Amino acid sequence: MDQKDIYLDFGKYRAEYDPGIASPRFILSDGYLQDFPHWHRYYELHFIIEGNYTIECCDKVIRGSKPRITLYCPYTMHHVFVPQKTSYRRFIVTFNKQLGSMISPALLDLSVLRNVNMLCAVPDAAELHELTKLAQECWLYRRDPTFKAFYSAMMLKRTLSICERGRGELITASFTYIQDALKYMVEHLSEAPTALEMAARFGVCKAKFHKDFKATVGKSYREHLTELRMSLARRLLTGGASIVETALEAGYSGEAAFIKAYRGHWGITPGEYKKGLTH
């Protein structure tokens, strides 16, 4: 199977979608809670205009209430929380690597994001105003691939310039082969590769793989694999998949093993979760 993206919005799941060159949207919500960390295959650029937020990503916890820009790169687990009954206003632009092929490197060089997990920047009032105008133009021309790519590239370029001025950072770890290992994991969840198998695939001993993985990701291989499998399982169940189908696609040998793992992770059985969706 092709591994699906896990995407959470307003505490509910959405089906996988391909943002294509770029996909802009404006969101205002009464608080915000992601039930668990999630990841995408594409880039996701967040412009937080208003909100008292907590962001967890790359073993970092970022808390604040000032406007902030975050870019989550493909395969990066992240988690956002904003207290209920508080305003959370932001606009989001998602895009894939095709954006780089449409824009001249002289305008935007995406190679600076190679091996980066997350970008975080703090814009001033003038920069936020400029970025908001670019986002509005991107939304206005959302049906035109060329204009959409141009405005998305300008937003990203402007964000990178804020980092260059010392009000932001590109967050990454000593990826080396671990970047490839992370991609392999999410593309082969149904096989549930063991740490020993992963170590052999990337030509290192098991002990070194465990050490490098923990240093890079901030958690053990088993913990990260479990989060990915459980995130996929919940999305599949929400989408209507049966428990047996979900167990197999999440890499479990049988229904009983899956139910036990699901209850241990979420505190309820898959059946109880599916039943709750109908109420």
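Under my numbering, residues 137 to 415 are what the sequence shown spells out, in order.
We put the CB at the ideal spot given by N, CA and C, even for glycine.
Note that this is a predicted model, so its numbers are computed, not measured.
On the criterion of 16 or more Cβ atoms from any shown chain inside 10 Å, does residue i qualify as buried, or is it exposed?
| i | result |
| --- | --- |
| E180 | buried |
| P203 | buried |
| A397 | buried |
| L413 | exposed |
| S288 | buried |
| C341 | exposed |
| I314 | buried |
| P259 | buried |
| A257 | buried |
| H214 | buried |
| N251 | exposed |
First and last residue of the beta strand (DSSP E) that includes residue i?
| i | result |
| --- | --- |
| F231 | 214-231 |
| P256 | What sits at residue 256 in the sequence shown is Cys, not Pro. From DSSP, the beta strand (DSSP E) with C256 extends over 254-257. |
| R204 | 204-208 |
| E186 | 179-186 |
| P160 | 159-169 |
| E408 | From DSSP, E408 is part of no beta strand (DSSP E) but of the alpha helix (DSSP H) over 406-413. |
| Y189 | 189-193 |
Once you ignore the five residues that flank residue i on each side, which residues in its own chain have a CB closer than 7 Å to its CB?
| i | result |
| --- | --- |
| M137 | Because M137 sits at a pLDDT of 27, beneath the cut-off of 50, its placement in the model cannot be relied upon, and the following sentence gives the value as read from the coordinates. Contacts found: S326, E385. |
| L249 | C209 |
| I239 | A285, A289 |
| L267 | F183, P259, M291, R294 |
Provide the residue span of the alpha helix (DSSP H) that contains residue i, from first to last.
| i | result |
| --- | --- |
| Y320 | 313-323 |
| S378 | Note, S378: premise wrong, no alpha helix (DSSP H); not H, not E. |
| S297 | 281-300 |
| T427 | Because the chain spans 137 through 415 in this model, residue 427 falls outside it and cannot be assessed. |
| R399 | 391-402 |
| L235 | 234-238 |
Could you pull out every residue in the same chain whose Cβ sits closer than 8 Å to the Cβ of residue i, ignoring the five residues on either side in sequence?
| i | result |
| --- | --- |
| G393 | The sequence shown places Ala at residue 393, not Gly. So the list reads A383, once near-sequence residues are dropped. |
Whole runs of the beta strand (DSSP E) within the stretch 330-375, excluding any shorter than 3 residues: none
Sufficient close CB pairs (3 or more, under 8 Å) joining the stretch 316-334 to the stretch 267-276: no
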